[in-house]
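Notes to accompany the following structure.
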Amino acid sequence: MRSKISLIAAPVGLSPGGYVPKAYADRTAPKTPVAEFDAGKVGDVWRIRLRWACAEPHRELGDDVDRFIDAAAVLAPTVADAPMMTMGAPGKALEGALWRADRTALIGVRAEGLGTVERGDAPEGWSAEAEWKAGRWSLDFELPGWGVLDVHRQFAFAIWQGAEGDRGGLKSVSPGWIEIET
Amino acid sequence: MASQNPTMRQIAMVLDLNKCLGCQTCTIACKKLWNTDTGTGYAYWNNVETLPGKGYPKNWVESGGRTAEGEVKAGRVPNLDDEYGRAWNFNHEAVRKRSGEGKGKPWLRPDGAPRWGANWDEDRGAGDYPQENHYFYLPRLCNHCTHPACLDACPRRAIEKRDEDGIVLVDQDRCHGYRFCVEACPYKKVYFDPQRQISTKCIFCLPRIEEGVAPACARQCPGRLRFVGYLDDEAGPIWKLVNGYKVALPLHPEFELGPNVFYVPPMSPSKLDEKGRPTGEPRIPTEYLVGLFGERVHEVLATLEREREKRRQGEPSELMDLLIAYDWNQNFALGPRKREVL
Ligand code: SF4
Ligand code: SF4
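If you read the sequences in order, they're chains A and X. Note that the working numbering numbers the first sequence so that position 106 is 106, with each residue one more than the last. Note that the working numbering numbers the second sequence so that position 42 is 42, with each residue one more than the last.
Laid out in structure tokens, this is it:
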């Protein structure tokens, strides 16, 4: 299922705390307006491919303090009605994998609402290959044995452009769950 | 304004700016105790800047977080090269090796071409010499605000304000390094550690406080100008200076964060006219101090003048005795576990 999709800016108004919703109230346009994706299963392995334009890759922080890293995440609901835009809800978790341009291993993530993301080791065997070339990131996730995707066949993704100051809730996201055709 | 409620108790510090020597002992005491890791080279939880001056990070007052009306305003994470200044490495080895070899002794120099740093504009100040030149030192640390902008900014809820003493702490296990706290704090007193990719800030020497010992910056201060205690302790120095004599003021109260570090504003000698005669006007323009500490500066300076005059006349003044720190033990009142200053 190869597709091109228009992304939206994650709504900053939902961000917990009093600062982000006000300081970034004008951040209504996604810093990554469009992405291509492809999702499918080969044997036990879910393969999710993302492609997006990125003029200035941010692969590492060095010792800079005002620099942010390129990243992307894929998430799936653990229960049928888990809300995507709020990163799940209490008792309705999302789970998935976070790729960051400054490290090779994927990070496992789980959330039950905004501001609740817990990071840990990604499940055994999960990996991603990333390449930046000619102004585009290509990112290929290989996620063997991702059970909730087998069950619910829905996923969403988020992209952070480091050069644009994206981090946390400042991100471009798919506008909702993406259904995986059987 | 942030919506956090005041905590049950609030620890606080008062600094008498009339006595600061600009010696940076506090800066070093803090740095050596808490910030020697690689990623914290540039980070000074306590710094001392010369005013009038640009401060540290450079022009921090303009770096955002809060408007002059106390409203949230988008802030910035300062840049390491231009606003903090990278930590310098010196050519110690070259100096050591070449000395005594007949090639002449090289100067000790920092590497690269630093553009800013903590204490960069030391002792410059303002005003024409000799009529009205002036400067004073402003030691700065996290204000452990009653309504902390850093806490309000963290979408992870990784910053907490302790109920028992009001100390504001970053839970570094929860911190994901987003740096909204760095942006939001208008005092620029949260520092990002790019090695560990988390935020760090003054912990008010929490382990010492829990033992009844004042923070290192206060205990090491040779000027004996720092007072530490609880705001509600009417027998302690903080209550006396802030609420009793009302001579200690928060820095930039207009940010509306309720800072819990207070300053006794500096008095200054008279300007001179062209013939070298005192004009009676203070060298540090009072309006400049109002810009830092608010309108109450006028009444505080008047109180200080009045009490100083009493002392000059040989009359008792508890305020002057306290500020002079005849008995240094009176500078610190940390409750049941208070330790004597040796
Ligand atoms: S001074 Fe800044 S870092 Fe300290 S409590 Fe206040 S807002 Fe937070
Ligand atoms: S140690 Fe005391 S006198 Fe020295 S710079 Fe710090 S506050 Fe001022």
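Even glycine gets a Cβ: it sits at the ideal position worked out from N, Cα and C. The structure presented is a predicted model; accordingly, all values stated were derived computationally and were not measured.
For residue i: DSSP bridge partner residues
{"i": "residue 84 of chain A", "result": "DSSP, once it has assigned bridges, lists no residue as partnering residue 84 of chain A."}
{"i": "residue 326 of chain X", "result": "The partner list for residue 326 of chain X (beta bridge, DSSP) is empty, contrary to what the question assumes."}
{"i": "residue 159 of chain A", "result": "A:72 and A:172"}
{"i": "residue 203 of chain X", "result": "Paired residues: none, contrary to the question."}
{"i": "residue 154 of chain A", "result": "A:179"}
{"i": "residue 138 of chain X", "result": "X:49"}
{"i": "residue 138 of chain A", "result": "A:51 and A:131"}
Residue i, DSSP secondary structure in three states
{"i": "residue 331 of chain X", "result": "helix"}
{"i": "residue 16 of chain X", "result": "strand"}
{"i": "residue 69 of chain A", "result": "coil"}
{"i": "residue 60 of chain A", "result": "coil"}
{"i": "residue 21 of chain A", "result": "helix"}
{"i": "residue 166 of chain X", "result": "coil"}
{"i": "residue 54 of chain X", "result": "coil"}
{"i": "residue 170 of chain A", "result": "strand"}
{"i": "residue 6 of chain X", "result": "coil"}
{"i": "residue 1 of chain X", "result": "Caution applies to residue 1 of chain X, whose pLDDT of 41 falls short of 50 and renders its modelled position unreliable; the model cannot decide the point."}
{"i": "residue 41 of chain A", "result": "strand"}
{"i": "residue 28 of chain X", "result": "helix"}
{"i": "residue 77 of chain A", "result": "strand"}
{"i": "residue 188 of chain X", "result": "coil"}
{"i": "residue 132 of chain A", "result": "strand"}
{"i": "residue 35 of chain A", "result": "strand"}
{"i": "residue 182 of chain X", "result": "helix"}
{"i": "residue 286 of chain X", "result": "helix"}
{"i": "residue 232 of chain X", "result": "coil"}
{"i": "residue 81 of chain X", "result": "helix"}
{"i": "residue 34 of chain X", "result": "helix"}
{"i": "residue 297 of chain X", "result": "helix"}
Residue i beta carbon near ligand 2 (any heavy atom closer than 6 Å)
{"i": "residue 21 of chain X", "result": "yes"}
{"i": "residue 139 of chain X", "result": "yes"}
{"i": "residue 48 of chain X", "result": "yes"}
{"i": "residue 7 of chain X", "result": "no"}
{"i": "residue 205 of chain X", "result": "no"}
{"i": "residue 223 of chain X", "result": "yes"}
{"i": "residue 25 of chain X", "result": "yes"}
Chain A contact residues for residue i, given Cβ-Cβ distances below 8 Å
{"i": "residue 77 of chain X", "result": "65 and 66"}
{"i": "residue 80 of chain X", "result": "63, 64, 65 and 66"}
Any non-hydrogen atom of ligand 1 within 6 Å of residue i CB
{"i": "residue 201 of chain X", "result": "yes"}
{"i": "residue 18 of chain X", "result": "no"}
{"i": "residue 240 of chain X", "result": "no"}
{"i": "residue 151 of chain A", "result": "no"}
{"i": "residue 187 of chain X", "result": "yes"}
Within chain X, the residues that residue i reaches when beta carbons sit closer than 9 Å
{"i": "residue 16 of chain A", "result": "154, 155, 156 and 157"}
{"i": "residue 133 of chain A", "result": "Here the premise fails: no neighbours, minimum Cβ distance about 26 Å."}
{"i": "residue 23 of chain A", "result": "64, 65, 72, 73, 74, 75, 153, 180, 183 and 184"}
{"i": "residue 167 of chain A", "result": "176, 177, 178, 179 and 180"}
Residue i: CB within 6 Å of a non-hydrogen atom of ligand 3
{"i": "residue 143 of chain X", "result": "Looking at this structure, you won't find ligand 3 anywhere; what it does contain is ligand 1 and ligand 2."}
Contact set between residue i and chain A, taken where Cβ atoms lie within less than 7 Å
{"i": "residue 192 of chain X", "result": "65"}
Interface residues of chain X facing residue i [CB-CB closer than 8 Å]
{"i": "residue 20 of chain A", "result": "153, 155 and 180"}
Within chain A, the residues that residue i reaches when beta carbons sit closer than 9 Å
{"i": "residue 149 of chain X", "result": "18 and 19"}
Listed by chain order, chain X residues near residue i by CB distance under 7 Å
{"i": "residue 115 of chain A", "result": "155, 156 and 157"}
**Contact the region 172-183 of chain X vs the region 143-160 of chain X: 3+ CB pairs below 8 Å** = Contact between the region 172-183 of chain X and the region 143-160 of chain X is present, because at least three Cβ pairs lie under 8 Å.
**Message:** Does the structure place the region 160-173 of chain A close enough to the region 131-145 of chain X that three or more beta carbon pairs sit under 8 Å?
**Reply:** no
**Request:** Say whether the region 110-128 of chain A touches the region 140-154 of chain A, bearing in mind that this needs 3 or more beta-carbon pairs closer than 8 Å, one atom from each stretch.
**Result:** yes
**Request:** Decide yes or no for the touch test of the region 66-83 of chain A against the region 93-110 of chain A: beta carbon pairs closer than 8 Å, at least 3 of them.
**Result:** Touching, yes, given that three or more Cβ pairs across the two stretches are closer than 8 Å.
**Inter-stretch contact (C-beta, 8 Å, three-pair minimum) for the region 248-268 of chain X and the region 6-18 of chain X** = yes
**Message:** Would the region 18-25 of chain X count as touching the region 25-37 of chain A if we require 3 or more Cβ pairs under 8 Å?
**Reply:** no
**Validate contact between the region 16-30 of chain A and the region 60-76 of chain X using beta carbons, cut 8 Å, 3 pairs** = The region 60-76 of chain X and the region 16-30 of chain A touch, with three or more beta-carbon pairs separated by less than 8 Å.
**Asked** Are there three or more Cβ pairs, one per stretch, closer than 8 Å when the region 218-225 of chain X is compared with the region 32-46 of chain X?
**Response** No, the region 218-225 of chain X is not in contact with the region 32-46 of chain X.
**Prompt:** Counting Cβ pairs closer than 8 Å, one from the region 48-63 of chain X and one from the region 3-18 of chain A, do we hit at least three?
**Reply:** no
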